[in-house]
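First the structure, in the form of structure tokens, and then the observations on it.
Have a look at this one:
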């Protein structure tokens, strides 16, 4: 990873936007990498859920 980018990530909170989460493996990899670079700052995730078993029941 680029050193300048790594340095900037270490200094800031991060928002991860995932278009559609089904299994979650992509998010797990992203979060693992971010946690190594950015262990003290806040990481927020925004994603649409693509699995019916994870969605709230509709009324």
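Numbering (the working numbering), first residue to last: -4 to 54.
Think of the CB as a built atom: it goes at the ideal place given N, C-alpha and C, for glycine as much as any other residue.
Only a predicted model underlies this, so the values are computations on that prediction, with no experimental measurement involved.
query: Reference residue 8; option with closest CA among 42, 41, 35 and 44; result: 35
query: For residue 16, the first and last residue of its enclosing beta strand (DSSP E); result: 9 to 16
query: Contact belief for residue 56 with residue 38 at Cβ below 8 Å, rounded distance in angstroms; result: With the chain covering only -4 through 54, there is no way to say anything about residue 56.
query: Inter-residue spacing [alpha-carbon to alpha-carbon] between residue 53 and residue 43; result: Interpretation of residue 53 is limited by its pLDDT of 49, a score under 50 that renders its predicted location unreliable; the figure taken from the coordinates is listed afterwards. Roughly 16 Å between the two C-alpha positions.
query: Residue 36: first and last residue of the uninterrupted alpha helix (DSSP H) it sits in; result: That residue, residue 36, is in no alpha helix (DSSP H); it is neither H nor E in DSSP.
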